[in-house]
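So the structure is just underneath, and the comments pick up after that.
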Amino acid sequence: MLPINHELWHQMPDSNKNQALDNIKERFALEVSDTYIKKVLGKKWRDHKSTLKKEYFKKDMSLEEKLRNVPLRMLRYQWEDAVRFWNSKKGEDRERVGTSSRQKQKFAHTAGLKSFACVAEAEEKVKDKKAEYEAIALSDSSINLEDIDNRIITEVLGPERSSQV
């Protein structure tokens, strides 16, 4: 239904995407848009290709061995097309770019248990409190600015808990 022998999700024919979408709609009563379902399908498709590559496409094997190492429930021609692409100069270049991009990533795109809206709201409160305390600190020279920062963070975020960073 969603063959792996396409290089990119955007190159997948719409007929295949629509067939998969119809299959999902028949099985599940989802109250989300078709666009969202197709987006999730694309992510699952890429993840599936990645898993297949990790498990069956070994660097130390010859091309012939890789071509013969067809995963179960996989059509041979799809596997062969994917292997030939992964083994090509273009496929190796794409892998190298992806690997270097992942290594350069410093932060995961996550806010933890809090939503981004809650994090933004807390940051806004910190800014407001900091302005308030800095005004007080300017009038009273005995107050340490570092103590102000610690007090603001404790006031806005609450006391530290052992299970949180």
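If you're matching positions, the sequence shown starts at 1 in UniProt numbering and goes up one per residue.
C-beta: ideal position from N, C-alpha, C; glycine also.
The model shown is predicted, which means the values in this text are computed figures rather than measured ones.
Query, Result
"CB contact flag (lysine 129, glutamate 155, <8 Å)", "yes"
"Leucine 72, buried or exposed, once every other Cβ within 10 Å from all chains shown has been counted against 16", "exposed"
"Pair within 8 Å by beta-carbon distance, phenylalanine 116 and glutamate 7", "no"
"Unbroken stretches of the alpha helix (DSSP H), 4 residues or longer, contained in the region 11-76", "14-27, 34-56, 63-68"
"Rounded straight-line distance, which links the Cα of lysine 59 to that of glutamate 65", "11 Å"
"Under 8 Å between C-beta atoms of leucine 75 and tryptophan 45", "no"
"Glutamate 95, DSSP secondary structure in three states", "helix"
"Alpha helix (DSSP H) segment containing glutamate 121, residue limits", "116-139"
"Rounded C-alpha distance that separates lysine 114 from valine 40", "23 Å"
"Test item: CB-CB of asparagine 5 and alanine 82 under 8 Å", "yes"
"CB of tyrosine 77 within 8 Å of CB of asparagine 69, strictly", "no"
"Per-residue burial, lysine 127 [other beta carbons within 10 Å of its own, 16 or more giving buried]", "exposed"
"Asparagine 87 beta carbon less than 8 Å from that of leucine 52", "no"
"Close Cβ partners of aspartate 147 (< 8 Å) along its chain, the five nearest in sequence each way excluded", "none"
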